[in-house]
Amino acid sequence: MEAHAHHKETFITKYVFTTDHKMIAKQFLVTGMIMGIIGVAMSLLFRLQLAWPDKEWPILEMLLGKWGTDGIMDPNIYLALVTIHGTIMVFFVLTAGLSGTFSNLLIPLQIGARDMASGFINMLSYWFFFVSSAIMVASLFVESGPASAGWTIYPPLSALPQAVPGSGMGMTLWLVSMSLFIVSSLLGALNYIVTVLNLRTKGMSMTRLPLTIWAFFVTAILGVLSFPVLFSAALLLIFDRSFGTSFYLSDIMVAGEVLSNQGGSPILFQHLFWFLGHPEVYIILLPALGISSEVISTNARKPIFGYRAMVGSILAIAFLSFIVWGHHMFVTGMNPFLGSVFTFTTLLIAIPSAVKAFNYITTLWKGNLQMTPAMLFSIGLVSTFITGGLTGLILGDSALDINVHDTYFVVAHFHIVMGLSAIFGLFAGVYHWFPKMYGRRMNKSLGYIHFWITFIAAYGVFFPMHFLGMAGLPRRYYTNTAFPMFDDLADINVLVSYFAIIGGIAQVVFLFNFFYSAFRGKKSEQNPWRANSLEWTTPVEHIHGNWPGEIPEVHRWPYDYSKPGAAEDFVPQTVPMSEDEIANGH
Amino acid sequence: MDTLLIIVVALLAVIALTQAIRIFEISSKIKGTDNDIKVNDKDNNAQGWLMLLFLIFFFGAFAWMVSEYMELTLPVSASEHGNEIDSLWDISMGVIILAFLVTQPLLFGFAYMFRGRKTRKATYMEHNNKLELFWTGIPAVILAGLILYGLTTWTDIMFPEKTEEPIVVELYAKQFGWTARYAGGDNTLGFANVRLIEGVNVLGLDSADNNSSDDIISSELRLPKGRPVLLKFRSQDVIHSAYLPHFRVQMNCVPGTETQFQFTPSMTTAEMRMDNDVIEKVARVNSIRSAKGEDPWEFDYVLLCNKICGAAHYNMQMKVVVESEEDFNKWLKEQQTFAEML
Numbered sequence: 001m002e003a004h005a006h007h008k009e010t011f012i013t014k015y016v017f018t019t020d021h022k023m024i025a026k027q028f029l030v031t032g033m034i035m036g037i038i039g040v041a042m043s044l045l046f047r048l049q050l051a052w053p054d055k056e057w058p059i060l061e062m063l064l065g066k067w068g069t070d071g072i073m074d075p076n077i078y079l080a081l082v083t084i085h086g087t088i089m090v091f092f093v094l095t096a097g098l099s100g101t102f103s104n105l106l107i108p109l110q111i112g113a114r115d116m117a118s119g120f121i122n123m124l125s126y127w128f129f130f131v132s133s134a135i136m137v138a139s140l141f142v143e144s145g146p147a148s149a150g151w152t153i154y155p156p157l158s159a160l161p162q163a164v165p166g167s168g169m170g171m172t173l174w175l176v177s178m179s180l181f182i183v184s185s186l187l188g189a190l191n192y193i194v195t196v197l198n199l200r201t202k203g204m205s206m207t208r209l210p211l212t213i214w215a216f217f218v219t220a221i222l223g224v225l226s227f228p229v230l231f232s233a234a235l236l237l238i239f240d241r242s243f244g245t246s247f248y249l250s251d252i253m254v255a256g257e258v259l260s261n262q263g264g265s266p267i268l269f270q271h272l273f274w275f276l277g278h279p280e281v282y283i284i285l286l287p288a289l290g291i292s293s294e295v296i297s298t299n300a301r302k303p304i305f306g307y308r309a310m311v312g313s314i315l316a317i318a319f320l321s322f323i324v325w326g327h328h329m330f331v332t333g334m335n336p337f338l339g340s341v342f343t344f345t346t347l348l349i350a351i352p353s354a355v356k357a358f359n360y361i362t363t364l365w366k367g368n369l370q371m372t373p374a375m376l377f378s379i380g381l382v383s384t385f386i387t388g389g390l391t392g393l394i395l396g397d398s399a400l401d402i403n404v405h406d407t408y409f410v411v412a413h414f415h416i417v418m419g420l421s422a423i424f425g426l427f428a429g430v431y432h433w434f435p436k437m438y439g440r441r442m443n444k445s446l447g448y449i450h451f452w453i454t455f456i457a458a459y460g461v462f463f464p465m466h467f468l469g470m471a472g473l474p475r476r477y478y479t480n481t482a483f484p485m486f487d488d489l490a491d492i493n494v495l496v497s498y499f500a501i502i503g504g505i506a507q508v509v510f511l512f513n514f515f516y517s518a519f520r521g522k523k524s525e526q527n528p529w530r531a532n533s534l535e536w537t538t539p540v541e542h543i544h545g546n547w548p549g550e551i552p553e554v555h556r557w558p559y560d561y562s563k564p565g566a567a568e569d570f571v572p573q574t575v576p577m578s579e580d581e582i583a584n585g586h
Numbered sequence: 587m588d589t590l591l592i593i594v595v596a597l598l599a600v601i602a603l604t605q606a607i608r609i610f611e612i613s614s615k616i617k618g619t620d621n622d623i624k625v626n627d628k629d630n631n632a633q634g635w636l637m638l639l640f641l642i643f644f645f646g647a648f649a650w651m652v653s654e655y656m657e658l659t660l661p662v663s664a665s666e667h668g669n670e671i672d673s674l675w676d677i678s679m680g681v682i683i684l685a686f687l688v689t690q691p692l693l694f695g696f697a698y699m700f701r702g703r704k705t706r707k708a709t710y711m712e713h714n715n716k717l718e719l720f721w722t723g724i725p726a727v728i729l730a731g732l733i734l735y736g737l738t739t740w741t742d743i744m745f746p747e748k749t750e751e752p753i754v755v756e757l758y759a760k761q762f763g764w765t766a767r768y769a770g771g772d773n774t775l776g777f778a779n780v781r782l783i784e785g786v787n788v789l790g791l792d793s794a795d796n797n798s799s800d801d802i803i804s805s806e807l808r809l810p811k812g813r814p815v816l817l818k819f820r821s822q823d824v825i826h827s828a829y830l831p832h833f834r835v836q837m838n839c840v841p842g843t844e845t846q847f848q849f850t851p852s853m854t855t856a857e858m859r860m861d862n863d864v865i866e867k868v869a870r871v872n873s874i875r876s877a878k879g880e881d882p883w884e885f886d887y888v889l890l891c892n893k894i895c896g897a898a899h900y901n902m903q904m905k906v907v908v909e910s911e912e913d914f915n916k917w918l919k920e921q922q923t924f925a926e927m928l
């Protein structure tokens, strides 16, 4: 049975307003990459400022105009850069770019479905994301500057244009952009959940799902439950800003004028924000962990160790992520008893995380490791996940958080555990599924060069920051020269900036490899990694409906690598169980 | 002109890379191999070795950073509860550094040991309940210890024993500076609100409130050694955070709400200046400053703003002095009360 009639496709229906999940995945990826370039470029600009605060940089005047007169960065634009860098990286790159790309690409292909449950809603999801990205980028060009209250946009700072110029038009656009982003995210997530639950092919029970799908599925549930709360937080903030309400404002005098607002609480915003904000960390991280599970198992030529424990730990992390948000608020004056509760729940997350780390390591044990660039990035991910996760035991402990809260220790922690791990997962996914997306192969040597420079530079940027934090250096300081006690930290800041610049330039290698290979790369064979999961049973050339004939039936889990008795070192999910296997109770 | 040059160089770089790849491809075509895309045993071997080398480099760099950078971190705590925090910190750090030193070699070591070879066959192992129970149990036990220790410390800090009546001091934050207010003889702060701010009454004290008349407003924070201090925090405009790193104290200042933190300073400014780490720090900082032609620095405790609050956030600071109770009382007596100010 042909799934879809062959209707004529125009450029517009094929590349722009497409409902095909594979094309939508590529749209998310390329948009995410463009946003990523902007986000990383911003970080390089403020790294220039932090390492060499007195130096004049003509490039700053060129890029920032009046905010960089004579090559000296304005403090307001510094705050704007860190704000938009955070927003873009967290939401636009690591949420939409990562989860949007691979959920769309892999969910139908790996569960054996012709497309998403609703192709139209899927298309809407992308276009809401596109408009949201366009507005966020446009906000960079408004007269009073982009939003600059930090990516967490705590009111009253974000509510009062008198307090910081970025809280004028820039913040309005930020809020509009993020509202659209949330719509995009919800439409996508609902689609993913429905698709995974309803459209699995025959034989694809939940316990035969690849771990990627488990990760995307749980991520989507997290998104559906938490993003609406951010939306409500943003909505109330819009009301406070534009319609004179006092949800977050009370007893304020700013720029010599007393505001009439009375009775609100800025802390309410923080509760609402972090109710999304913490699950958001796992919305970013879980897809990366799912991708690395798949890549590590395939390239170790071994089953992922402890499949059920891996699923269980994904579920445990997801559940716990909803009851730990208060660890961002230990020093807000919140009731200390609540602080105790949040310390307890937060530290519990270490247990499922440790299980995951040990299971990855054990999967390598006695494997036959194929060192593809995707494999290298996955191993890198496990390394950063451990390194960054461990310092979570410090920050999650309320008593210890008192002294390093909002210092560079925090910056080091979350960049390593969430930023690096997720971005490595993204790279691993791109290298691994590039043949599926473009039918071509990426250059291996450039992949190796990209990995090693990125990996070393990434640790070089973020590892020294722990020491800055332990020296009491606050984050979001435009310059550290106002305090002599930080003078002897200047060398570390220079070192960090060098690594940041090297790491940033290394991404050019990736971008080049990506676009060159997409157009000129060698044609891929159907199953280049000799993998088991269903996406490699589809033809190299993309077709609507994914499989030309019937959707294949699934007979086993996706991790039968190097199975004793099998002729090859992989047994695709579509191969029926042999008599022996059934007798052995598989 | 510069811009044009940059664009030309970038274009040339792209062309050069493209040609390099073409050479790769053509040569692999002539040899009839897929060397540019397929991973072979040579790659596995090389990348496996690189993993091992990276581990050595990583640990080497870690050791170097510890030896070079640890001396830059904060000196001994200047408050009583700070010592408790520091002990908890040391133990937690010990645990996580141990975990770091065990797991990273396993990861990179296995990546090296089991690097792919044509002749190798991976071992099929799906799971092992005993092993998994083991590495669920071990972290659980260690965490139970850390949680208990952490919560005890937290409770000690947040609910201090009521042995001695603390001196009540308010820290008032606004863009971009701090003001302190001492509660005076009655040790009770008078009522204050932004709506009452007028002229010299910069903190908005209610002059009708009897408690406010003996309040003392000060532009520096002076504290007596060995007496509990109850800091109360208010903010006039946006959220600020009062961060006193040497005392291991931090609390947000939230407009519309009053927050507080109680602690006991345990070292005077003079004593801290005699601390060996601080002497070394001052010498280090001053050699940097003299090289840049800046004035030498003398150590002082400092209060910083640690919550993003606007353009001059990076410079929102206040000097903090800890002295003997005698000196403190003498200084306090010399200050003008609110009633005298009006």
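Chains as they are written, first to last, in this note's numbering: chain A, 1 to 586; chain B, 587 to 928.
Think of the CB as a built atom: it goes at the ideal place given N, C-alpha and C, for glycine as much as any other residue.
**Proximal chain B residues relative to A:S378, where beta-carbon distance stays under 8 Å** = Going along chain B, no residue has its Cβ under 8 Å from A:S378, so there is no contact; the nearest lies around 10 Å.
**A:V254 in three-state terms, based on DSSP** = For A:V254, the three-state secondary structure derived from DSSP is strand.
**Request:** Could you name the residues of the segment 325-339 of chain A whose beta carbon sits closer than 8 Å to any beta carbon of chain B, in the order they occur along the chain?
**Result:** Hits within the stretch, in order: V331, T332, G333, P336, G339.
**Item:** Neighbouring residues, chain B, relative to A:K603 (Cβ below 8 Å)
**Value:** Beyond the ends of chain A as shown, which are 1 and 586, falls residue 603 of chain A; an answer cannot be given.
**Request:** Report yes or no: do the segment 901-909 of chain B and the segment 76-95 of chain A share at least 3 C-beta pairs separated by less than 8 Å?
**Result:** When Cβ pairs closer than 8 Å are counted between the two stretches, the segment 901-909 of chain B is seen not to touch the segment 76-95 of chain A, the count staying below three.
**Prompt:** In terms of residues, what are the limits of the alpha helix (DSSP H) holding A:Q110?
**Reply:** Residues 101-111.
**Request:** Output the boundary residues of the beta strand (DSSP E) element that contains B:M837.
**Result:** 835-839 is the span of the beta strand (DSSP E), which, as asked, contains B:M837.
**Message:** Does chain A have any CB closer than 8 Å to the CB of B:F645?
**Reply:** Interface residue (Cβ-Cβ distance to chain A less than 8 Å): B:F645 is not classified as such.
**Asked** Taking 7 Å as the line, does the beta carbon of A:G263 fall inside it for any heavy atom of the ligand GTP?
**Response** With respect to the ligand GTP, the structure shown offers nothing to examine, as it has no ligands at all.
**Request:** Please name the residues in the segment 343-370 of chain A whose beta-carbon is closer than 8 Å to at least one beta-carbon of chain B, in chain order.
**Result:** Hits within the stretch, in order: T343, F344, L347, L348, A350, I351, A354, V355, A357, F358, N359, Y360, I361, T362, L364, W365, K366, G367, N368, L369, Q370.
**Request:** With DSSP collapsed to three states, give me the class of B:I753.
**Result:** B:I753: strand per DSSP, three-state reduction.
**Prompt:** A:Y561 by DSSP, collapsed to three states: which one?
**Reply:** In this structure, A:Y561 counts as strand in the three-state DSSP scheme.
**Prompt:** If we count the other Cβ atoms within 10 Å of its Cβ and call it buried at 16 or more, is A:M1 buried or exposed?
**Reply:** Reliability fails at A:M1, whose pLDDT of 37 lies under 50, so the model's placement of it is uncertain and the value that follows must be treated cautiously. Looking at its Cβ environment, which holds fewer than 16 other Cβ atoms inside 10 Å, A:M1 is exposed.
**Message:** For B:I783, would you say it is in contact with chain A, using Cβ-to-Cβ distances shorter than 8 Å as the test?
**Reply:** True, the Cβ-Cβ gap to chain A drops below 8 Å.
**Asked** To which residues of the same chain is A:S274 closer than 6 Å at the C-beta, ignoring the five residues directly before and after it?
**Response** According to the sequence displayed, residue 274 of chain A carries Trp and not Ser. Correct list, in chain order: W325, H328.
**Asked** Does DSSP put B:M860 in a helix, in a strand, or in coil?
**Response** In this structure, B:M860 counts as coil in the three-state DSSP scheme.
**Asked** Between A:Y410 and A:L395, which are expected to be in contact by the criterion C-beta below 8 Å, what is the C-beta distance as a whole number of angstroms?
**Response** Note that residue 410 of chain A is Val in the sequence shown, not Tyr. Correct: roughly 6 Å between the Cβ atoms.
**Message:** Counting only Cβ-Cβ distances shorter than 8 Å, please list the residues of the segment 107-130 of chain A near chain B, keeping chain order.
**Reply:** Taken residue by residue, none of the segment 107-130 of chain A has a beta-carbon sitting less than 8 Å from a beta-carbon on chain B.
**Request:** Just the C-alpha distance for A:S378 and A:L347, rounded to the nearest angstrom, thanks.
**Result:** Distance between the alpha carbons of A:S378 and A:L347: 25 Å.
**Prompt:** Which same chain residues, not among the five before or five after B:D627, have their C-beta less than 8 Å away from its C-beta?
**Reply:** Taken in chain order, the residues that qualify are G702, R703, K704.
**Request:** Determine the direct distance from the alpha carbon of A:R475 to that of A:D406, and round the result to whole angstroms.
**Result:** About 6 Å.
**Item:** Whether A:L631 touches A:E535 by CB criterion (8 Å)
**Value:** With chain A covering 1 to 586 only, the question about residue 631 of chain A has no answer from this structure.
**Request:** Identify, in the order they occur along the chain, each residue of the same chain with its Cβ nearer than 6 Å to the Cβ of A:S588, setting aside the five sequence neighbours on each side.
**Result:** Only positions 1 to 586 of chain A appear in this structure, which leaves residue 588 of chain A out of reach.
**CB of A:A220 within 8 Å of CB of A:S179, strictly** = Not in contact: A:A220 and A:S179 (Cβ atoms no closer than 8 Å).
**Prompt:** Do we get a CB-CB distance below 8 Å when we pair A:R308 with the residues of chain B?
**Reply:** Yes, A:R308 counts as interfacial toward chain B.
**Request:** Have a look at A:P303 and A:V176 and give me their C-alpha separation to the nearest angstrom.
**Result:** Near 45 Å, if we compare the C-alpha coordinates of A:V176 and A:P303.
**Message:** Going residue by residue through the segment 401-480 of chain A, where are the continuous alpha helix (DSSP H) segments of at least 4 residues, counting only ones entirely within it?
**Reply:** You should have 408-414, 421-438, 444-462, 465-470.
**Prompt:** Using DSSP with H/G/I as helix, E/B as strand and the rest coil, what is B:S821?
**Reply:** If DSSP states are grouped into helix, strand and coil, B:S821 belongs with the strands.
**Message:** Closer than 8 Å is the cut-off here; do at least three beta carbon pairs connect the segment 109-116 of chain A with the segment 194-211 of chain A?
**Reply:** Touching, yes, given that three or more Cβ pairs across the two stretches are closer than 8 Å.
**Request:** Kindly say whether B:D861, judged by its beta-carbon, lies nearer than 8 Å to any beta-carbon of chain A.
**Result:** Judged by the 8 Å Cβ criterion, B:D861 is not in contact with chain A.
**Prompt:** How would you call B:N796, buried or exposed, if buried means at least 16 neighbouring beta carbons within 10 angstroms?
**Reply:** Exposed.
**Item:** Cβ-Cβ separation, A:N493 to A:A117 (assumed contact under 8 Å), whole Å
**Value:** Not confirmed; about 50 Å, so no contact.
**Prompt:** Which class does A:N513 belong to by DSSP, given the choice of helix, strand or coil?
**Reply:** DSSP places A:N513 in helix when its eight states are reduced to three.
**Prompt:** Per DSSP, which one or two residues make a beta bridge with B:N787?
**Reply:** For B:N787, which the question treats as bridged, DSSP gives the partners B:E784.
**Item:** A:A5 versus A:E541 - alpha carbon distance
**Value:** Note that A:A5 has pLDDT 49, beneath the 50 cutoff, so the model's placement of it is unreliable and the number below is only indicative. Straight-line Cα distance between these residues: approximately 17 Å.
**Request:** For B:P746, decide whether its Cβ has a neighbour in chain A, counting only Cβ atoms nearer than 8 Å.
**Result:** For B:P746, the nearest beta carbon of chain A is not closer than 8 Å to its own beta carbon.
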